[in-house]
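Be aware that the sequence shown starts at 132, since it is given in our numbering, and climbs by one per residue. Ideal placement from N, C-alpha and C gives every residue a C-beta, glycine not left out.
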Amino acid sequence: MKNETTSIPVIDVSTLGQENPSSALFSSFYDAYHHLGFGYILNHGIDPALVDSVFEASRRFHAMPLQEKMKIALDHKHRGYIAIDTSTDVNSKLAEVKKPNQSASFMMMREDQEERADVYLSGPNLWPALEGFRPVLEAFNTELERLAKKLMRVALLSAGVKDLSVIEKFDEPTTWLRLLHYPPLPKGSPADLYGSAPHTDFGCLTILVQDDIGGLQVQSPDGHWLDVPKMKNSFVVNVGDMLHRMTNGLLRSTPHRVINRSGRERYSCPFFYDPHVSLDVAPLKGTGAPKFKAVNFGDFLRNELGASYEKHKDSEG
């Protein structure tokens, strides 16, 4: 079904946890992500109280003095605090982007006990000295990882993939949980100043929770920008470039952006669910004659992060 106000599909995933999810789930999922690449999911099973706790933790973190946040500044493992004006979405296919994103964020990834030289972006997270912060984020990350793995299975089956052995590459996934803070853009700011410039997500699945400020927009196939406001007790889920490639283009990786001209602070929390960095991503059997060549996910990440983040530009030389 479609939300008449926004034209963003709404998908009931209440049968997701069953051994045999309903056929309606597969058909509605494919319809949403083949045509638009974005949708709201309802009845996902994650406690709204936990979501509220995450937003409380985010506001507490972003309210900390800058010098405290900079003690855990983004490291080469892509963990820690990302200050405003330090990331730029460089994608000439979508927009002429020269100004940094007007957002700040805390980034956590999978918690590894140690960094491994043979596994790109492996290692422990950086945590602020903020009471109760880490347990809330780790609990939310665990719940989202469980949900994402189930959604990934539905995504592949809905696109016609018969052999799901690729799911094994998500047993040790590359995950990212990001606490984003978008200050309001100044009045009269130029049109090419964004909270988050137009971009596609580079991984497989993104699960987003957001506050009620608004500002997220997704580009429709005909080029129009559609608002994606908050829907109570829902998550916004979208497809990224790697899942687009796995499904041979059947599931769409869609441009989206954030423009916060509300005059108020905006907070959101996206979770990115991707395979192990060792995976060579290519169209899977059952999706038709391959339209894409294989690409190593770890190599792809190095290029993407090096283009968008000052920290990785420095580390890549």
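Residue-level contact to chain C via CB, residue i, 8 Å cutoff
i: Ile213; result: Judged by its chain identifiers, the structure shown contains no chain C, having just a single protein chain.
Status (buried if at least 16 other CB within 10 Å, exposed otherwise) for residue i
i: Leu275; result: buried
i: Met373; result: buried
i: His355; result: exposed
i: Thr337; result: buried
i: Asp332; result: buried
i: Pro414; result: buried
i: Lys318; result: exposed
i: Asn434; result: exposed
i: Ala194; result: exposed
i: Gln244; result: exposed
i: Asn232; result: buried
i: Asn174; result: exposed
i: Ala279; result: buried
i: Met201; result: exposed
i: Ser218; result: buried
i: Phe271; result: buried
i: Thr305; result: buried
i: Lys208; result: buried
i: Glu150; result: exposed
i: Gly176; result: exposed
i: Arg277; result: exposed
Extent of the continuous alpha helix (DSSP H) run through residue i
i: Met283; result: 264-289
i: Leu156; result: 154-166
i: His193; result: 179-193
i: Gly429; result: 428-439
Identity of the residues DSSP links to residue i by a beta bridge
i: Asp143; result: Leu173
i: Val370; result: Leu336, Ser384
i: Ile213; result: Ser236
i: Ala105; result: Since the first and last residues shown for the chain are 132 and 448, residue 105 lies out of range.
i: Pro401; result: Leu339
i: Asp411; result: Asn427
i: Ser218; result: Tyr440
i: Val389; result: Ser327, Leu347
Close beta carbons around residue i, own chain, < 6 Å, minus the five adjacent residues each side
i: Lys293; result: Gly417
i: Ala214; result: Ala235
i: Thr378; result: Ala290, Thr418
i: Phe402; result: Leu275, Leu308, Ile338
i: Glu242; result: Asn256
i: Gln341; result: Lys361, Ser399
i: Tyr161; result: Ser289
i: Trp258; result: Arg265
i: Leu147; result: Lys281
i: Lys300; result: Pro406, His407, Leu410
i: Val285; result: Phe160
i: Arg247; result: Ser253
Nonlocal neighbours in the same chain, by C-beta distance under 7 Å from residue i, ignoring five residues either side
i: Leu310; result: Ser189, Phe192, Ser236, Phe237, Cys400
i: Ser223; result: At Ser223, the pLDDT of 38 sits below 50, so the modelled position is not reliable and the matter cannot be decided from this model.
i: Gly380; result: Lys422
i: His375; result: Leu382, Arg383, Ser384
i: Asp178; result: none
i: Gly345; result: Asp358, Pro360, Ser393
Residues near residue i by beta carbon distance below 8 Å, same chain, minus five either side
i: Gly371; result: Thr331, Asp332, Phe333, Gly334, Cys335, Leu336, Thr337, Ser384, Phe403, Asp405
i: Lys424; result: Ala413
i: Tyr449; result: As shown, the chain starts at 132 and ends at 448. That puts residue 449 outside it, with no answer to give.
Segments assigned beta strand (DSSP E), at least 3 residues, entirely inside the region 293-368: If one requires a minimum length of 3 residues, the beta strand (DSSP E) runs lying completely within the region 293-368 are 305-313, 327-330, 336-341, 347-350, 356-358, in chain order.
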